[in-house]
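Using UniProt numbering, you'd call the opening residue of the sequence shown number 1 and step up by one each time. Cβ coordinates follow ideal geometry from the N, Cα and C atoms, glycine included. If you're wondering where the values come from, they're calculated on a predicted model, not measured in any experiment.
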Amino acid sequence: MAVYTHVPGETLAVFIARYDIGDLVAAKGIAEGVENSNYLIDTTRGRYILTLYEKRVDTADLPYFLALMRHAAEGGLPVPRPIEDREGAALQDLAGRPACVIEFLTGISVTEPTPALCRAAGEALGRLHAVTADFKDIRANALGHEGRLKLGAQCLPRADEIDPALAALIESEMAFQAAHWPADLPQATIHADLFPDNVLALGETVTGIIDFYFACTDARAYDLAVMHGAWCFSNDGAVFYPERAEALQAGYRAAHPISEAEAAVMPVLQRAAALRFLLTRAWDWLNTPADALVTRKDPMAFARRLRHLREAQ
Ligand SMILES: Nc1ncnc2c1ncn2[C@@H]1O[C@H](COP(=O)(O)OP(=O)(O)O)[C@@H](O)[C@H]1O
Ligand SMILES: N[C@@H](CCOP(=O)(O)O)C(=O)O
Numbered sequence: 001m002a003v004y005t006h007v008p009g010e011t012l013a014v015f016i017a018r019y020d021i022g023d024l025v026a027a028k029g030i031a032e033g034v035e036n037s038n039y040l041i042d043t044t045r046g047r048y049i050l051t052l053y054e055k056r057v058d059t060a061d062l063p064y065f066l067a068l069m070r071h072a073a074e075g076g077l078p079v080p081r082p083i084e085d086r087e088g089a090a091l092q093d094l095a096g097r098p099a100c101v102i103e104f105l106t107g108i109s110v111t112e113p114t115p116a117l118c119r120a121a122g123e124a125l126g127r128l129h130a131v132t133a134d135f136k137d138i139r140a141n142a143l144g145h146e147g148r149l150k151l152g153a154q155c156l157p158r159a160d161e162i163d164p165a166l167a168a169l170i171e172s173e174m175a176f177q178a179a180h181w182p183a184d185l186p187q188a189t190i191h192a193d194l195f196p197d198n199v200l201a202l203g204e205t206v207t208g209i210i211d212f213y214f215a216c217t218d219a220r221a222y223d224l225a226v227m228h229g230a231w232c233f234s235n236d237g238a239v240f241y242p243e244r245a246e247a248l249q250a251g252y253r254a255a256h257p258i259s260e261a262e263a264a265v266m267p268v269l270q271r272a273a274a275l276r277f278l279l280t281r282a283w284d285w286l287n288t289p290a291d292a293l294v295t296r297k298d299p300m301a302f303a304r305r306l307r308h309l310r311e312a313q
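Have a look at this one:
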C-alpha cells in the first residue's frame, strides 16, 4: 500500500488545471511502491503519474532526480519525463508535500523474470549508463560503502531479533567489505535500485525504467551488482538462476563495456549490494510500527542471497 497522503478529488482537479495536459477525468491511488504516494491520473488528453514525495525523500535531492529523469528521457530511454506546469515548474507543492506529475509509461513489472527479460533489462541498464555518462550533477550515495558500514553497526544490536544467526552474518560481511571494497572503480550516475518492480516491460521489451529516487554517484559496476541480486534469485533468495545472471551480463555488455578491473571485483560488489538491501530491510523490519500501512520486505531474502554469494567464492 503506498498512498500515504490522500488528496481530495477537488484539490486534484484544481492542481491539474495548472498544467496544459487537459482536464482531470479520473484519479486512482496506486497500491504498489513503498516510499512515496503515487496516483494514476487520467485527463481529457492522456494518462500521467502524480507522485507526492514522502518523508524519506530529501526535498533538496528532488531537482537532481528530476533533472536525471529528464536527461535520460531526452537521451531516448523509456524513462518518465517530468511534466512542467504553464509556468515551467515541474516540482510542486501539494497537500503539504513536494509533488511532481510525470509521464505514464505502459508495461508491467514481473516477479519471475525470464532470461530474455533479464537480458533486455541488463541492456537497459547499460544504455542508461551510456546516456547518463555526460550527466554532470553529483549526488553522494547515502547507502554507499561508508553508509552501509554505518547502517550495519546500527542494525547489529537487534539483528538477532529477526534471526539468531543474522548479527554474525552482518558483522562478518562488514569486516569483509571494510577490507575488500574497491575504492578506485570508475564512478558514474547509477540507478542503485533497479529491481524488477522498477522495470516495466511488454513481453521481453523494456518499456519503462522508473523510480529514480535512490539514484546517485557511485561505482558504475555496483549498479549491475544490484541487478544481479534483484533479478537472478528466487524472490525468497533460496535459489540462484545462473542463466538469468549470464543473460543480464550479456545484455549489459551489449550496451556498455565492463572493464577487467570491474569484472575482477564483481563478487565483492554483489556481496555489498546484498548487504545493502539486507540492512535497509532489517532496519525497516525492526523499526516499522506494526500498524504502519506499508508491507515490510523480508530481510532474510537478502541474507540468503548474501550467504549464497559468500559460499560461491
Ligand atoms: N511513470 C510511470 N508509468 C507507469 N507506472 C508507474 C510510473 N511510475 C510509477 N508507476 C507505478 O507506480 C508504482 C510505484 O512507483 P515507484 O516509483 O516504484 O514508487 P515508490 O518510490 O514508492 O517505490 C510502480 O510499481 C508502478 O506500478
Ligand atoms: N528495492 C528495495 C526497496 C525499495 O523499494 P522501491 O519500491 O522503492 O523499489 C528492496 O527490495 O528492499
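Item checked: Chain-order list of residues whose beta-carbon lies under 7 angstroms from that of glutamate 84 (same chain, five-residue window excluded) -> Ala90
Checklist line | Own chain, CB closer than 6 angstroms to serine 273, minus 5 neighbours either side, in chain order | finding: For the sequence presented, residue 273 should be read as alanine rather than serine. Contacts found: Ala225, Val226 and Gly229.
Margin query: Is any non-hydrogen atom of ligand 2 found closer than 7 angstroms to the C-beta of residue 322, if you look at the structure I gave you?
Written below: It is not possible to answer for residue 322, since the shown part of the chain is limited to 1 through 313.
Notebook entry, point to check: Is isoleucine 170 helix, strand or coil when you go by DSSP?
Noted result: helix
Next item on the list: Have a look at the DSSP bridge pairing and note the partners of isoleucine 41.
Entry: Ala27 and Tyr48
Check: Which term fits proline 78, buried or exposed, when burial requires 16 or more other beta carbons within 10 angstroms of its beta carbon?
Finding: buried
Next item on the list: Please name the residue or residues paired with cysteine 100 in a DSSP beta bridge.
Entry: Thr51
Notebook entry, point to check: With 16 as the cutoff for other CB atoms within 10 Å, does arginine 148 come out buried or exposed?
Noted result: buried
Notebook entry, point to check: Do alanine 95 and tyrosine 53 have their C-beta atoms closer together than 8 angstroms?
Noted result: no
Next item on the list: Give the straight-line distance between the Cα atoms of phenylalanine 277 and aspartate 284, rounded to the nearest whole angstrom.
Entry: 11 angstroms
Check: With a CB to CB cut of under 6 angstroms and the five nearest residues on each side skipped, what residues in its chain are close to isoleucine 102?
Finding: Ile49, Pro80 and Pro82
Margin query: Quick check: what's the CA-CA separation for phenylalanine 135 versus alanine 201?
Written below: 25 angstroms
Check: Roughly how far, in whole angstroms, is the beta-carbon of leucine 24 from the beta-carbon of isoleucine 30, given that I think they are within contact range, below 8 angstroms?
Finding: Not a contact, Cβ separation roughly 16 angstroms.
Notebook entry, point to check: leucine 194 and aspartate 223: beta carbons closer than 8 angstroms?
Noted result: yes
Check: Are three or more beta carbon pairs between the region 125-140 and the region 68-77 nearer than 8 angstroms?
Finding: yes
Check: When DSSP labels each residue in this structure, what does threonine 132 get in the three-state scheme?
Finding: helix
Note to self: Taking only three categories from DSSP, how would you classify isoleucine 162?
What the structure shows: coil
Notebook entry, point to check: With 16 other CB atoms within 10 Å as the buried threshold, where does asparagine 287 fall?
Noted result: exposed
Check: According to DSSP, which residues form a beta bridge with leucine 202?
Finding: Thr205
Check: Given 8 angstroms as the limit, is there contact between the region 156-175 and the region 195-214, that is, 3 or more CB pairs closer than that?
Finding: no
Check: Nearest-angstrom Cα distance between glutamine 177 and arginine 158?
Finding: 21 angstroms
Next item on the list: Please state whether DSSP places isoleucine 190 in a helix, a strand or coil.
Entry: strand
Notebook entry, point to check: If you measure from the CB of proline 80, is any heavy atom of ligand 1 nearer than 7 angstroms?
Noted result: yes
Margin query: Cutting at 6 angstroms between CB atoms, please list the residues of its own chain near threonine 51, excluding the five before and the five after it.
Written below: Asn36, Asn38 and Cys100
Check: Does the Cβ of valine 7 have 16 or more other Cβ atoms within 10 Å, making it buried, or fewer, making it exposed?
Finding: buried
Next item on the list: Could you name the residues that DSSP lists as bridge partners for phenylalanine 240?
Entry: Phe233
Note to self: What I want to know is whether the C-beta of arginine 281 ends up closer than 7 angstroms to one or more non-hydrogen atoms of ligand 2.
What the structure shows: yes
Note to self: Looking at ligand 2, does it come within less than 7 angstroms of phenylalanine 212, judged from the CB to the closest heavy atom?
What the structure shows: no
Check: Considering aspartate 218, what are the terminal residues of the alpha helix (DSSP H) in which it resides?
Finding: Not the alpha helix (DSSP H): aspartate 218 falls in the beta strand (DSSP E), residues 216-219.
Next item on the list: Kindly indicate which three-state DSSP category isoleucine 210 falls into: helix, strand or coil?
Entry: coil
Next item on the list: Compare the C-alpha of arginine 244 against each of Ser109, Tyr4, Ala121 and Thr59 and name the closest.
Entry: Ala121
Check: Which of helix, strand or coil does DSSP assign to glutamine 313?
Finding: coil
Checklist line | Residues near alanine 238 by beta carbon distance below 8 angstroms, same chain, minus five either side | finding: Arg304
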